[in-house]
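Colleague:
Residue numbers (the UniProt record's numbering): 1 to 44.
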């Protein structure tokens, strides 16, 4: 897969997870940060 495609996919997944977490109040800011770090590591 293309690097840009992967990053866009990861961003989309992250945004969706963030929205779901916000609606359900399941995700804390810390969890979101951890997810972002994982996504960044996966991309770069």
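Just so you know, even glycine gets a beta-carbon here, dropped at the ideal spot from N, CA and C. Remember, predicted model here, so these are calculated numbers, not experimental data.
Going along the chain, which residues of its own chain have a beta-carbon closer than 7 Å to the beta-carbon of residue 14, five neighbours each way excluded?
Modeller: Sequence index remark: in the chain shown, residue 14 carries index 14 (1-based). The residues are 35, 36 and 39.
Colleague: Who are the Cβ neighbours of residue 17 in its own chain at under 6 Å, not counting the five residues just before and after it?
Modeller: By 1-based counting over the chain shown, the position of residue 17 is 17. The answer is none, since no qualifying residue turns up.
Colleague: At the level of alpha carbons, what is the spacing between residue 41 and residue 22?
Modeller: Counting from one through the chain shown, the residue named residue 41 turns up at place 41. Counting from one through the chain shown, the residue named residue 22 turns up at place 22. Each residue's alpha carbon lies about 24 Å from the other.
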